[in-house]
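Participant:
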Amino acid sequence: MSNVLYREGTSPVHRLPAQVKIVCALLGVICVVATPRTEFWAFGIYLLVLAGIWALASVPVGHVAKRAVIEVPFVVIALVMPFLGSGDRFTFLGLSLSEQGALAGWNILAKGTLGVLTSLTLAATTTPRELIVGLQRLRTPSVLTTIATLMLRYLEVIAAETKRMRIARISRGHDPRFLWQVGATARGIGALFVRSYERGERVHLAMVSRGWTGRLPDHGAAAAPGTWLVGLLPVLAAAGVLGAAVWLP
Amino acid sequence: MAAVTSEPDPAALSTPVGPPALLVERLAFAYPDGHQALYGLDLRVEPGERVAVLGPNGAGKTTLVLHLNGVLTAGAGRIEVAGLPVTRANLREIRRRVGIVFQDPDDQLFMPTVGEDVAFGPANFGLSGDALTARVREALAAVGMTEHIDRSPLHLSGGQRRRVALATVLACDPEIVVLDEPSANLEPVARRELVEVLLALDRTTLMVTHDLPYALQLCPRSILIDDGVVIADAPTRDLLADTDLLAAHRLELPYGFRLD
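Keeping their order, the protein sequence lines are chains Z and P. Everything in the first sequence is counted per our numbering, starting at 1 for the first residue and increasing by one. Everything in the second sequence is counted per our numbering, starting at 1 for the first residue and increasing by one.
1. Which chain Z residues are close to P/V24, counting only those with a beta carbon under 9 Å from its beta carbon?
2. Counting Cβ pairs, one atom from each stretch, are 3 or more of them under 8 Å apart for the segment 41-58 of chain P and the segment 207-223 of chain P?
3. Tell me, please, whether the CB atom of P/G60 is closer than 8 Å to any CB atom in chain Z?
4. Quick one: Cα of P/N69 to Cα of Z/A206, how far?
5. Helix, strand or coil: how does DSSP classify P/G48 here?
6. Check the Cβ-Cβ distances between P/R161 and every residue of chain Z, and say whether any is below 8 Å.
7. Please list, in chain order, the residues of the segment 140-168 of chain Z that have any C-beta partner in chain P closer than 8 Å.
8. Could you check if Z/W54 is buried or exposed, using at least 16 other CB atoms within 10 Å of its CB as the buried criterion?
9. Give the straight-line distance between the Cα atoms of Z/Y46 and Z/T127, rounded to the nearest whole angstrom.
10. Looking at Z/V80 and the ligand GTP, is the gap between the Cβ and the nearest heavy atom below 7 Å?
11. From the DSSP secondary-structure annotation, give me the bridge partner or partners of P/P85.
12. Taking the beta carbon of Z/L282 as the centre, do at least 16 other beta carbons fall within 10 Å, making it buried, or is it exposed?
13. So which residues on chain Z does P/L240 lean against when the C-beta distance must stay under 8 Å?
14. Measure the alpha-carbon distance for P/P182 versus Z/L152 and round it to whole angstroms.
15. Please report how far the alpha carbon of P/L253 lies from the alpha carbon of Z/L150, in whole angstroms.
16. If we define contact as Cβ-Cβ less than 8 Å, is P/G121 a contact residue for chain Z?
17. Could you please give the first and the last residue of the uninterrupted alpha helix (DSSP H) stretch that includes P/D238?
18. Mind checking P/N185: buried by the 16 CB within 10 Å criterion, or exposed?
19. Could you tell me which of P/R163, P/T168, P/V178 sits nearest to P/E196, measuring between CA atoms?
20. Do the segment 125-139 of chain P and the segment 157-173 of chain P meet, that is, are 3 or more Cβ pairs less than 8 Å apart?
21. If you measure between the beta carbons of P/A28 and P/G75, is that distance less than 8 Å?
22. List, in chain order, every chain P residue whose beta-carbon is nearer than 7 Å to that of Z/V203.
23. Is P/T236 buried or exposed, if buried means 16 or more other CB atoms sit within 10 Å of its CB?
24. Which stretch, first to last residue, makes up the beta strand (DSSP E) that contains Z/L232?
25. Quick check on this structure: which residue in P/V86, P/V65, P/A165 has the alpha carbon closest to the alpha carbon of P/V114?
26. Going by DSSP, what residues sit across from P/E25 in a beta bridge?
Structure (structure tokens):
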């Protein structure tokens, strides 16, 4: 499957069972979120831990950085907050800024960025298929993993259908670059929805015919306690940082 | 007492020992919108037979297929698969016994790899571990797709996808294989390859189609359905030779095709 997020590799990080990586990423993000926003040094160490994982998995910083652009809308909000906040004000580069606002902005920026980077690291070292198997092993409700499996499979089918419909439109002299022809595109999306819905019904029928009762057969194997321990090392580091940030004077 | 002759009784020979592979009696069904699709349909298929179900669009062919494994519930009538009636209580076993290969392989193949997709059915029916792996390999070998076990169904050709779809059903070890328009959208070579696979299977087969030459090639016997009832039930060659009958039910042999 062509995938923009995954990066082929055989590093220890890639080989780690998906369920360990999912738990690791989740707990890591919780540590980041729980860290008091004024403990600036802690966020630096979190970033170092992530950088260590990138080095181990040989994921270039550029790969992660480029995909982190998705965060930009939140960055804009974070940058606006110092201007809008209330309370004590200070002057920076001739601008009067709110201290509370600046801290709130920093909070969003630092924690948001670390969260996005963690997710991207997980996605860069784990294929979507492995992610689903991992979620299954973590006892995620089977309805959710089934939906995710089907989405993975049919995203490309629907994308191909969209492409065929677009080509058929263009062949009849339609030029979707012009804004006032957006109506035809919208109707195309409507037709696509109906077709996807009908396909969904047929797929369901075919699954029921093969004895499906709501659970996908479980593949994947349990991870050994040792594997869990090694896999959760970054979380232990993050928890240590969190403890220091909360309790050290 | 009559003298014992060496001549065997033809009636005794043709009478099968076990139950028929498929028995449909007076099957009637109307869709919720009131459209009556089946009006008392009768059909009996013996084990090992290959039967083509012919008929124009809207004749009730697909409706019949969806009754065979209990996806649709009959308004009236009775269906038995190898002696087991199609009822709610038997649904699981019925769905194992009746393997339906749907018209569009993209509807049937939904797992990320061929191997996982073929394993889906037998895993649902309780197989696991080595037995499951063996069953998957067996089914893929039967359709000549063993080397593609780890590929995504999306990256296969139309003919290959059709054969994998067949393997997903064979893996459940069905009593009867039901094929819905198996030749649709296939190039000539893929058509022929599928024929070879199906002939080699040697299983009870029901093939729904309006591809008449394909029916002739694969099925010694054909039934013609129209307006929800069986119009004709005859050896395929005889049925296709009856031009008037075909014409009356919007069927015709392709241009240039001759029965000789």
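Note that CB positions come from ideal geometry on N, CA and C, so glycine has one too. As the structure is a computational prediction, the values presented were derived from the model and not from experiment.
Facilitator: On the basis of the supplied data:
1. As a working mapping, residue 24 of chain P is identified with position 24 in the second sequence. Chain Z residues near P/V24: none, gap ~17 Å exceeds 9 Å.
2. Touching, per the Cβ criterion.
3. Here the question's residue 60 of chain P lines up with position 60 in the second sequence. No, P/G60 does not count as interfacial toward chain Z.
4. For the purposes of this step, residue 69 of chain P is taken as residue 69 along the second sequence, with counting starting at 1. For the purposes of this step, residue 206 of chain Z is taken as residue 206 along the first sequence, with counting starting at 1. If I take the Cα positions, the gap works out to 11 Å.
5. In the second sequence, counting from the first residue as 1, residue 48 of chain P sits at position 48. Of the three classes helix, strand and coil, the one that applies to P/G48 here is coil, per DSSP.
6. Locating residue 161 of chain P in the second sequence gives position 161, counting from the first residue. No, no contact with chain Z.
7. Residues of the segment 140-168 of chain Z with a C-beta less than 8 Å from any C-beta of chain P: T149, L150, L152, R153, Y154, E156, V157, listed in chain order.
8. Against the first sequence, residue 54 of chain Z aligns to sequence position 54. So Z/W54 counts as buried.
9. One-based indexing of the first sequence puts residue 46 of chain Z at position 46. One-based indexing of the first sequence puts residue 127 of chain Z at position 127. Roughly 24 Å separates the two Cα atoms.
10. Of the ligands one can find in the structure shown there are none, so the ligand GTP has no counterpart to examine.
11. Taking the first residue of the second sequence as position 1, residue 85 of chain P is located at position 85. Residue pairing by DSSP places P/P85 opposite P/E80 in a beta bridge.
12. Outside the displayed range of chain Z (1 to 249) lies residue 282 of chain Z, so it cannot be described from this structure.
13. For the purposes of this step, residue 240 of chain P is identified with residue 240 of the second sequence, where counting begins at 1. Within 8 Å Cβ-Cβ: nothing; P/L240 doesn't reach chain Z, min ~30 Å.
14. For the purposes of this step, residue 182 of chain P is taken as the residue at position 182 of the second sequence. For the purposes of this step, residue 152 of chain Z is taken as the residue at position 152 of the first sequence. For the pair P/P182 and Z/L152, the Cα-to-Cα distance works out to about 26 Å.
15. Residue 253 of chain P sits at position 253 when you count from the first residue of the second sequence. Residue 150 of chain Z sits at position 150 when you count from the first residue of the first sequence. If you take the alpha carbons of P/L253 and Z/L150, they lie about 40 Å apart.
16. In the second sequence, the residue the question calls residue 121 of chain P occupies position 121. So, interface residue.
17. Indexing the second sequence from 1 puts residue 238 of chain P at position 238. P/D238: member of the alpha helix (DSSP H) spanning 236-241, first to last residue.
18. Here residue 185 of chain P is taken as the residue at index 185 of the second sequence, counted from 1. It is exposed - the Cβ of P/N185 has fewer than 16 other Cβ atoms within 10 Å.
19. Position 196 of the second sequence, counted from the first residue, corresponds to residue 196 of chain P. Measuring from the Cα of P/E196, the nearest candidate turns out to be P/R163.
20. Segments in contact, yes.
21. Counting from 1 along the second sequence, the entry for residue 28 of chain P is found at position 28. Counting from 1 along the second sequence, the entry for residue 75 of chain P is found at position 75. Yes. Within cutoff.
22. Position 203 of the first sequence holds residue 203 of chain Z. The contacting residues are D107, F110.
23. As a working mapping, residue 236 of chain P is identified with position 236 in the second sequence. Looking at its Cβ environment, which holds 16 or more other Cβ atoms inside 10 Å, P/T236 is buried.
24. Translated into positions along the first sequence, residue 232 of chain Z becomes position 232. Boundaries for Z/L232: no beta strand (DSSP E) harbours it, and the DSSP string shows neither H nor E there.
25. In the second sequence, counting from the first residue as 1, residue 114 of chain P sits at position 114. Residue P/A165 is the option with its Cα nearest to P/V114.
26. To locate residue 25 of chain P, count along the second sequence from 1; it is residue 25. In DSSP, P/E25 forms a bridge with P/R78.
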